[in-house]
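So for the sequence shown, the working numbering puts the first residue at 1; every next one is plus one. Read through the structure below, which is laid out as structure tokens, and then see the notes.
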Amino acid sequence: MTSTGPRNAHDVVDVVALGESMVTFLPSRPGRLADVPSFERAIGGAESNVACALAAAGHSARWISRVGDDGFGDHLVEAIGSYGVDVASVRRDPARPTGVYFRTAGDRATDAHEVAYYRAGSAASVMSAANVDPAAARAGRVLHLSGITAALSGDCLDLLWELTEPRAGRPLVSFDVNFREGLWADAHGPRVLLDLARRADLVFVGADEAEAAWGLRGAAGVADALPEPGLVVVKQGGGGAVAFAKDSGATHVRAPHVDIVAAVGAGDAFAAGFLSATLRGLSVRDRIRHGHLMAAAVLTTPGDLATPPARDHADRLAALDDMAWGTLRLGPGWTTRAQDPHRAEQEVRTP
Numbered sequence: 001m002t003s004t005g006p007r008n009a010h011d012v013v014d015v016v017a018l019g020e021s022m023v024t025f026l027p028s029r030p031g032r033l034a035d036v037p038s039f040e041r042a043i044g045g046a047e048s049n050v051a052c053a054l055a056a057a058g059h060s061a062r063w064i065s066r067v068g069d070d071g072f073g074d075h076l077v078e079a080i081g082s083y084g085v086d087v088a089s090v091r092r093d094p095a096r097p098t099g100v101y102f103r104t105a106g107d108r109a110t111d112a113h114e115v116a117y118y119r120a121g122s123a124a125s126v127m128s129a130a131n132v133d134p135a136a137a138r139a140g141r142v143l144h145l146s147g148i149t150a151a152l153s154g155d156c157l158d159l160l161w162e163l164t165e166p167r168a169g170r171p172l173v174s175f176d177v178n179f180r181e182g183l184w185a186d187a188h189g190p191r192v193l194l195d196l197a198r199r200a201d202l203v204f205v206g207a208d209e210a211e212a213a214w215g216l217r218g219a220a221g222v223a224d225a226l227p228e229p230g231l232v233v234v235k236q237g238g239g240g241a242v243a244f245a246k247d248s249g250a251t252h253v254r255a256p257h258v259d260i261v262a263a264v265g266a267g268d269a270f271a272a273g274f275l276s277a278t279l280r281g282l283s284v285r286d287r288i289r290h291g292h293l294m295a296a297a298v299l300t301t302p303g304d305l306a307t308p309p310a311r312d313h314a315d316r317l318a319a320l321d322d323m324a325w326g327t328l329r330l331g332p333g334w335t336t337r338a339q340d341p342h343r344a345e346q347e348v349r350t351p
């Protein structure tokens with residue numbers, strides 16, 4: 001069940017996600033930022049996206065961060081809490097603002113879009129081991145982190161070193177590399193991310209960002225560079241994803257065909273779907289399939305968050321044989337249509 005109210009900071013939850021969330025402004029129509037006349041307010045943040053998706057899917061999730069003592073901070077806490085996420089460990093900073101960013105609509109053919117960030121000096125950028133409750137952060141079956149936090153400041157990076165320190169009783173540490181070159185002030189970012197990933201138990205990384213950050217080509221090369229984690233998941237866009245497990249080798253699953261509305265938030269949704277299936281003890285193949293399905297829910301909506309498919313619906317789709325999975329095509333509204341016992345078969349059609 002999802003969280004329905006404030007919890008004790010040390011209550012054990014399924015997943016704790018720690019990182020910055022920002023107020024996002026989405027364009028009212030296509031065009032350059034200079035030309036768009038108005039924007040719709042939303043929320044965006046890699047870790048909070050994962051927490052919201054997991055809570056919407058029926059898991060208990062906690063988001064830990066800092067926000068400004070301002071209206072945008074109010075909006076973030078209220079909006080993320082409305083998904084059923086425990087926000088009791090979010091701290092207010094009266095001296096620093098909540099981060100915001102604006103983006104244009106992506107071009108469906110090229111995924112070209114414009115983004116303007118206003119996050120320098122934000123409240124979240126001063127997260128540290130001194131102002132974040134480590135016991136609350138560790139009170140989850142899974143602790144989900146990302147490389148974005150590491151890039152925000154030296155204090156944030158020190159916090160990630162602290163949280164990924166090997167120790168008895170540590171939760172399963174999930175780390176999404178999320179390499180954003182523009183966030184790093186120097187050239188050491190890629191090495192820092194590699195070192196953090198090697199301290200995690202589960203790593204998510206896109207094939208494109210592994211090449212950009214580390215010069216690694218091919219999923220096997222990425223796995224070879226990360227021998228320590230028990231599971232390394234390399235995302236390959238429309239080509240699917242491959243997971244390398246220490247105990248069972250490589251598992252590749254193609255992504256279903258998706259009629260994309262906006263290519264934002266899909267990586268966070270994939271991580272949420274994979275973690276959901278991990279918490280349920282499903283096979284590696286089905287973890288990847290659930291990741292693809294959660295990503296498809298976001299890809300078929302304009303924002304960073306979307307209504308996930310009902311669990312029984314997702315389970316039916318994830319259980320399809322390889323031929324049926326290969327003909328699965330998902331379009332806008334697929335997660336919210338009325339479900340019936342034959343829904344999985346109805347969704348399978350030749351692209």
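Beta carbons: idealized from backbone N, C-alpha and C, even for Gly.
**Beta-carbon contacts of F274 that lie in its chain and below 6 angstroms, excluding the five residues immediately before and after** = Excluding positions up to five away in sequence, the list reads R287, G291.
**Prompt:** If you follow the alpha helix (DSSP H) that D22 is part of, which residue opens it and which one closes it?
**Reply:** Reading off the sequence, residue 22 comes out as Met, not Asp. Run containing M22: none in the alpha helix (DSSP H); it sits in the beta strand (DSSP E), 22-27.
**Request:** Note down the Cα distance separating R343 from M323, rounded to an integer number of angstroms.
**Result:** The predicted model places R343 with a pLDDT of 48, which falls under 50 and marks its position as unreliable, so this point remains unresolved.
**Message:** What does the Cβ neighbour count give for K246, buried or exposed, with the cut at 16 atoms within 10 Å?
**Reply:** Burial call: exposed.
**Item:** Check whether A150 and V192 have beta carbons under 8 angstroms apart
**Value:** Judged by their CB atoms, A150 and V192 are nearer to each other than the 8 angstroms cut-off.
**Message:** Below 8 angstroms on the Cβ atoms is my contact criterion, and I expect D304 with A42 to pass it. Report the Cβ-Cβ distance as a whole number of Å.
**Reply:** Confirmed, Cβ separation roughly 7 angstroms.
**Message:** Counting C-beta neighbours from all protein chains within 10 Å, is the total for N178 16 or more, i.e. buried, or is it exposed?
**Reply:** N178 comes out buried.
**Request:** Leaving out five residues on either side along the sequence, give the residues of the same chain with a beta carbon under 6 angstroms from the beta carbon of F204.
**Result:** Here the set comprises D176, V233, A271.
**Request:** List the whole-angstrom C-beta distance separating E209 from A124, where the pair is believed to meet the contact cut-off of C-beta under 8 angstroms.
**Result:** Not quite, the Cβ-Cβ distance comes to about 22 angstroms (not below 8 angstroms), so this is no contact.
**Message:** I'd like to know if A213 contacts chain C, where contact means its C-beta is closer than 8 angstroms to some C-beta of that chain.
**Reply:** Absent from the structure is chain C; it holds one protein chain and no more.
**Asked** Over what stretch of residues does the beta strand (DSSP E) that includes V12 continue unbroken?
**Response** No beta strand (DSSP E) holds V12; DSSP gives it neither H nor E.
**Message:** What ranges does the beta strand (DSSP E) occupy inside the stretch 164-213, keeping only unbroken runs of at least 3 residues that lie completely in it?
**Reply:** Correct list: 172-176, 202-206.
**Request:** Using three-state DSSP, classify L226 as helix, strand or coil.
**Result:** When DSSP states are grouped into helix, strand and coil, L226 belongs to the coil group.
**Prompt:** Quick one: Cα of L18 to Cα of W161, how far?
**Reply:** Between L18 and W161, the C-alpha separation is close to 13 angstroms.
**Item:** Other residues of its chain near A314: CB distance less than 7 angstroms, five sequence neighbours each side excluded
**Value:** Closer than 7 angstroms at Cβ, skipping near neighbours: H290, L293.
**Neighbourhood of A76 by C-beta distance below 7 angstroms, restricted to the same chain and skipping five residues each side** = As written in the sequence, residue 76 is Leu, which differs from the Ala given in the question. For L76, same chain residues with a beta-carbon under 7 angstroms away, outside a window of 5 residues either side, are S21, V23, I43, V67, T98 in chain order.
**Message:** Going by DSSP in three states, G140 sits in which element: helix, strand or coil?
**Reply:** If DSSP states are grouped into helix, strand and coil, G140 belongs with the strands.
**Prompt:** Less than 8 angstroms separating the beta-carbons of G267 and A255?
**Reply:** When the beta-carbon positions are compared, G267 and A255 stay at least 8 angstroms from each other.
**Short Cβ contact (8 angstroms threshold) for A297 with A306** = Going by beta carbons, A297 and A306 fall inside the 8 angstroms limit.
**Request:** Output the residue ranges of the alpha helix (DSSP H) runs that lie fully inside the stretch 61-122 and measure 4 residues or longer, sorted by chain position.
**Result:** Qualifying alpha helix (DSSP H) stretches, in chain order: 71-81.
**Item:** Nearest candidate by alpha-carbon position, reference E228, set A219, R217, L216, F244
**Value:** Out of A219, R217, L216, F244, the CA that lies nearest to the CA of E228 is found in F244.
**Request:** If I'm right that V253 touches T300 with Cβ under 8 angstroms, what's the distance once you round it to whole angstroms?
**Result:** Contact between V253 and T300 fails: their C-beta atoms lie close to 19 angstroms from each other, not under 8 angstroms.
**Prompt:** Name the DSSP bridge partner or partners of K235?
**Reply:** Within the DSSP bridge table, the entry for K235 names G206, A241 as partners.
**Request:** Starting from the C-beta of D214, find all residues in its chain whose C-beta is less than 7 angstroms away, skip the five residues before and the five after it, and write them out in chain order.
**Result:** Checking the displayed sequence, the identity of residue 214 turns out to be Trp instead of Asp. Counting only residues of its own chain and dropping the five nearest sequence neighbours on each side, W214 has a CB closer than 7 angstroms to the CB of P190, L194, A225.
**Asked** Whose C-alpha, out of V173, Q236, R91, is nearest the C-alpha of R198?
**Response** When only C-alpha atoms are compared, the closest one is V173.
**Request:** Thinking T251 and R285 are a contact (beta carbons under 8 angstroms), I'd like their distance in whole angstroms, please.
**Result:** Contact between T251 and R285 is confirmed by a C-beta separation of about 5 angstroms, below the 8 angstroms threshold.
**Asked** Rounded to a whole number of angstroms, what is the C-alpha to C-alpha distance between R329 and A57?
**Response** Cα to Cα, the separation comes out at about 21 angstroms.
**Request:** Tell me V253's beta-bridge partners as DSSP assigns them.
**Result:** Its beta-bridge partners are A241.
**Message:** Using only the alpha-carbon positions, how far apart do V90 and A212 sit?
**Reply:** Answer to the nearest angstrom: the Cα atoms are 33 angstroms apart.
**Prompt:** Which same chain residues, not among the five before or five after P94, have their C-beta less than 6 angstroms away from its C-beta?
**Reply:** Taken in chain order, the residues that qualify are D69.
**Request:** Provide the residue(s) that pair with V258 in DSSP beta bridges, ordered along the chain.
**Result:** V258 pairs with L330.
**Asked** Under a three-way DSSP split, which group does A314 fall into?
**Response** Residue state, collapsed to three classes: helix.
**Request:** Just the C-alpha distance for A109 and G31, rounded to the nearest angstrom, thanks.
**Result:** Because A109 sits at a pLDDT of 37, beneath the cut-off of 50, its placement in the model cannot be relied upon, and the point is left open.
**Asked** Are D14 and R170 closer than 8 angstroms when you measure CB to CB?
**Response** Taking 8 angstroms as the Cβ cut-off, D14 and R170 do not qualify as a contacting pair.
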